[in-house]
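Only one structure is covered here, and it is reproduced in the block below.
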Amino acid sequence: MANTAHAHAADAADETRRDFLLHTTAAMGVVGAGMMVWPLISSMNPAADTLALSSIELSLAGIAEGQRIKALWRGKPVFVSHRTAQEIDEARKVNVAELRDPQTDQVRAKKPEFLIVVGVCTHFGCVPQGTASTEVRGEFGGWFCPCHGSVYDTSGRIRRGPAPLNLEVPAHTYINDTTVRIG
Amino acid sequence: MSTEKSGPTGKSAWRKAYEWHEARLPIVSWLDHSLGTKYPVPRNLNYWWNFGSLAMFMLAVMIFTGIFLAMNYTPHVSLAFDSVEHIMRDVNYGWLIRYMHANGASFFFIVVYIHILRGMYYGSYKSPREVLWWIGILIYLAMMATAFLGYVLPWGQMSFWGATVITNFFSAIPGIGQSIVTLLWGGFSVDNPTLNRFFSLHYLLPFVIVGLIFLHIWALHVPGANNPLGIDAAPADKIPFFPYYVMKDVFGLGVFVVIYFIAVFWFPNALGEPDNYIKANPLQTPEHIVPEWYYLPFYAILRSIPNKLLGVILMFGSILILFALPWLDTSRVRSGNFRPVFRIFFVTWIIDVLILGWVGSQPPEGIIPTIGLIGTIWYFIHFAVILPVVGWLETPKPLPASISQPVLQAAE
Ligand code: HEM
Ligand code: FES
Numbered sequence: 273m274a275n276t277a278h279a280h281a282a283d284a285a286d287e288t289r290r291d292f293l294l295h296t297t298a299a300m301g302v303v304g305a306g307m308m309v310w311p312l313i314s315s316m317n318p319a320a321d322t323l324a325l326s327s328i329e330l331s332l333a334g335i336a337e338g339q340r341i342k343a344l345w346r347g348k349p350v351f352v353s354h355r356t357a358q359e360i361d362e363a364r365k366v367n368v369a370e371l372r373d374p375q376t377d378q379v380r381a382k383k384p385e386f387l388i389v390v391g392v393c394t395h396f397g398c399v400p401q402g403t404a405s406t407e408v409r410g411e412f413g414g415w416f417c418p419c420h421g422s423v424y425d426t427s428g429r430i431r432r433g434p435a436p437l438n439l440e441v442p443a444h445t446y447i448n449d450t451t452v453r454i455g
Numbered sequence: 030m031s032t033e034k035s036g037p038t039g040k041s042a043w044r045k046a047y048e049w050h051e052a053r054l055p056i057v058s059w060l061d062h063s064l065g066t067k068y069p070v071p072r073n074l075n076y077w078w079n080f081g082s083l084a085m086f087m088l089a090v091m092i093f094t095g096i097f098l099a100m101n102y103t104p105h106v107s108l109a110f111d112s113v114e115h116i117m118r119d120v121n122y123g124w125l126i127r128y129m130h131a132n133g134a135s136f137f138f139i140v141v142y143i144h145i146l147r148g149m150y151y152g153s154y155k156s157p158r159e160v161l162w163w164i165g166i167l168i169y170l171a172m173m174a175t176a177f178l179g180y181v182l183p184w185g186q187m188s189f190w191g192a193t194v195i196t197n198f199f200s201a202i203p204g205i206g207q208s209i210v211t212l213l214w215g216g217f218s219v220d221n222p223t224l225n226r227f228f229s230l231h232y233l234l235p236f237v238i239v240g241l242i243f244l245h246i247w248a249l250h251v252p253g254a255n256n257p258l259g260i261d262a263a264p265a266d267k268i269p270f271f272p273y274y275v276m277k278d279v280f281g282l283g284v285f286v287v288i289y290f291i292a293v294f295w296f297p298n299a300l301g302e303p304d305n306y307i308k309a310n311p312l313q314t315p316e317h318i319v320p321e322w323y324y325l326p327f328y329a330i331l332r333s334i335p336n337k338l339l340g341v342i343l344m345f346g347s348i349l350i351l352f353a354l355p356w357l358d359t360s361r362v363r364s365g366n367f368r369p370v371f372r373i374f375f376v377t378w379i380i381d382v383l384i385l386g387w388v389g390s391q392p393p394e395g396i397i398p399t400i401g402l403i404g405t406i407w408y409f410i411h412f413a414v415i416l417p418v419v420g421w422l423e424t425p426k427p428l429p430a431s432i433s434q435p436v437l438q439a440a441e
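Chains as they are written, first to last, in this note's numbering: chain A, 273 to 455; chain B, 30 to 441.
Take a look at the structure:
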């Protein structure tokens, strides 16, 4: 270098100044990259039309006592169970403290006759059997998941097997006596 | 340029054109150094060393058949299943391309499993090849992801429920798990957005694997190949990759391709699941869901643990522990040939993995989960306890001074 002596003298000051420029440039680069990555990741989340489709209305009039049906909501099944007096009774006499995911049946079923739950096993998402009366319902008379053997009771609560939580009760409101809106 | 100045040497026009090009982009020299006459390889490699090149061949087969499948495949929930049937019935040779691709995935895994086991037996993961080993595991993980994404594309019952169960693994993460699953799905269940992105990623990942293979080969060239004796090869004990190992690899490829096409032509569905010829139905889970055979041991580990989060952690852990293998194995001797105690445990571990694979294929009833639990525990004990302890306590057999020494001695 031609002006070595000169550069030497200025060394200490120059270094911090360069460091500062280097660090701010790097920081701006990181912010810029982050600003680019954010929309990309965000584009993977549910789109507006997917979100818009997220509620359905169901008529309960045609479901006989003791019958259970499946409806499709947000691409997954919802179980509606028109429970018999015996099923309600079984769900309510359980000692809640002993449950894995303690919840009373009263909180889960707004109207005792109708239990509405998302038909997705809280383990890894299979659809439990037991909606059709010909399917296995497991030893608590509710639902049985064939994938890894989770057993749910007549309130859709987890009683045995690997699933950690009760079947989810979706947000729902009764529009009138026989119509319910889910979502 | 020196070659041009060297006067009238009687070079052909081809030779001159070649040299002109090499002086600007030395690609032939580069290939010659990478996989040709300038790449010295130990002279004593056995046939277990064929599986690396076979794996590269299978990757090429997957990419070529995949590109042509994609020309006729439609990634939409209402059309995907039918478009695959259209490929099978109407597209010229569509059946061949799809069966080569579907069975190709299985054969790719067979080859890679043998390749990995070769490395584990001959200690190829040990110093100085740790980074080479790591890249290999990354390739394996990328392969598993690619095959999972691809299996979803035909949109059969197993596609759908496999996708549901596997994406739900992430729901085990406390707190943010469900948001991650929604992000992966692009909705509230496995649905059209999921299928679309899986197709996009299924197309992408194989090319990521190509990139990783470059790094893998690069890392291989720094120390050079290991060999069945596991000792460092002296220059005199090395021969050029071309023509010797190229010929050997081509011969192995011939044998392999015959077996592969016997499967493609005569047993194309032997490794598949009949349920995947039923169109996906989000309201009905099949009675008995099983993943593809190459995931079964890990699926067994997942299912054997009664706790959801722990099951997921151990399942991923069973593969991630391989990253630590170079340090878990404390023996300085590489090759299993000289390690009598290690050999016994190595074979036991393979049997354990096979048992786990069988457990994964069975419905989780009766004694099955217990066998799975024992198999899982042994799997981890092997890596975390047996390997370090055997390395300390075992007395290895004496190592030869060089690759040629035992051969020359026997000749005397
Ligand atoms: C690492 C390499 C690859 C692996 C392991 C792999 C694996 C798979 C698997 C297991 C399937 C399901 C086969 C079935 O049961 O029908 C599949 C399907 C498919 N793959 Fe690949 N694949 C690879 C590379 C590619 C590439 C590069 C493309 C190019 C776009 C591609 C395009 C497709 C298409 C369009 C399908 C759906 C058609 C079908 O199901 O047969 N694949 N892949
Ligand atoms: S998904 Fe239901 S028990 Fe595993």
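The C-beta atom is built at its ideal place from N, Cα and C for all residues, glycine as well.
The alpha-carbon of Arg-340 (chain A) is positioned some 7 Å away from that of Ala-404 (chain A). Inter-residue distance for Asn-310 (chain B) and Pro-349 (chain A) is about 10 Å (C-alpha atoms, whole angstroms).
Taking a cut-off of 8 Å on C-beta distances, the stretch 282 to 292 of chain B does not touch the stretch 164 to 179 of chain B, as fewer than three cross pairs fall below it.
Counting only runs that start and end inside the stretch 139 to 207 of chain B, the alpha helix (DSSP H) elements of at least 4 residues fall at 159 to 181, 186 to 197. Among the CB atoms of chain A, none fall inside 9 Å of the CB of Asp-304 (chain B). Looking at the DSSP output, Thr-451 (chain A) sits in a beta bridge with A:Ser-331, A:Asn-448.
For Val-194 (chain B), the distance from the CB to the nearest heavy atom of ligand 2 is below 8 Å.
Taking each of B:Phe-270, B:Leu-178, B:Ser-390 in turn and checking the Cα distance to Val-70 (chain B), the smallest one comes out for B:Phe-270. One finds Phe-396, Gly-397 in chain A with Cβ atoms closer than 7 Å to the Cβ of Asn-197 (chain B), taken in chain order. A residue is listed when its beta-carbon falls short of 7 Å from at least one non-hydrogen atom of ligand 2; in chain order these are A:Cys-393, A:His-395, A:Phe-396, A:Gly-397, A:Cys-398, A:Pro-400, A:Cys-417, A:Cys-419, A:His-420, A:Gly-421, A:Ser-422, A:Gly-433, A:Pro-434, A:Ala-435, B:Val-194. Inter-segment contact for the stretch 376 to 386 of chain B and the stretch 323 to 343 of chain B is present: three or more beta-carbon pairs are separated by less than 8 Å.
For the stretch 285 to 306 of chain A, there are no residues whose beta carbon sits under 7 Å from a beta carbon of chain B.
Contact between the stretch 199 to 210 of chain B and the stretch 147 to 163 of chain B is not established, with fewer than three Cβ pairs separated by less than 8 Å. Beta-bridge annotation (DSSP): Val-352 (chain A) is paired with A:Ile-341, A:Ile-388. Judged by DSSP secondary structure, Arg-364 (chain A) falls within the alpha helix (DSSP H) whose first and last residues are 357 to 364.
When C-beta distances to chain B are compared with 8 Å, the residues of the stretch 333 to 356 of chain A below that value are Lys-342, Leu-344, Arg-346, Gly-347, Lys-348, Pro-349, in chain order. Taking C-beta atoms as the reference points, Trp-415 (chain A) and Gly-428 (chain A) count as a pair closer than 9 Å. According to the DSSP assignment, Arg-226 (chain B) belongs to the alpha helix (DSSP H) that extends over 221 to 250. According to DSSP, residue pairing for Pro-69 (chain B) in a beta bridge involves B:Pro-269. When the alpha-carbon of Val-160 (chain B) is set against those of B:Met-129, B:Thr-405, B:Ser-433, B:Trp-356, the nearest one is in B:Trp-356. By the C-beta density criterion, Arg-380 (chain A) is buried, having at least 16 other C-beta atoms within 10 angstroms.
Contact annotation: the stretch 131 to 138 of chain B touches the stretch 286 to 293 of chain B, with at least three C-beta pairs closer than 8 Å. For the pair Leu-234 (chain B) and Val-388 (chain B), the Cα-to-Cα distance works out to about 30 Å.
Here Leu-354 (chain B) has Met-149, Tyr-154, Trp-162, Phe-412, Leu-416 as same chain residues with Cβ atoms under 8 Å from its own Cβ, once five neighbours each way along the sequence are excluded.
When the Cα atoms are used, His-444 (chain A) and Arg-453 (chain A) turn out to be separated by approximately 5 Å. In the DSSP assignment, Tyr-306 (chain B) falls outside any alpha helix (DSSP H), carrying neither H nor E.
Gly-421 (chain A) reaches chain B at Pro-393, Glu-394, counting residues in chain order whose Cβ is nearer than 8 Å. For Phe-412 (chain A), the closest of A:Gln-358, A:Val-441, A:Phe-351 by C-alpha to C-alpha distance is A:Gln-358. Membership of Val-418 (chain B) in the alpha helix (DSSP H) is indicated by the continuous run 416 to 422.
A direct Cα-Cα distance of roughly 29 Å separates Glu-316 (chain B) from Ser-326 (chain A). Asp-321 (chain A) sits exposed, since fewer than 16 C-beta atoms from the chains shown fall within 10 Å of its C-beta.
Among the CB atoms of chain A, none fall inside 9 Å of the CB of Gly-389 (chain B).
Using a cutoff of 8 Å, the CB of Ala-353 (chain B) does not count as near ligand 1, since none of the ligand's heavy atoms is closer than that.
Each residue's CA atom was taken as its position, placing Ile-260 (chain B) and Gly-420 (chain B) some 17 Å apart. Its Cα nearest to that of Phe-375 (chain B), the residue B:Phe-409 stands out among B:Ser-188, B:Ile-56, B:Phe-409, B:Pro-398. Counting along the chain, Asp-425 (chain A) sits inside no alpha helix (DSSP H); it lies in the beta strand (DSSP E) bounded by residues 423 to 425.
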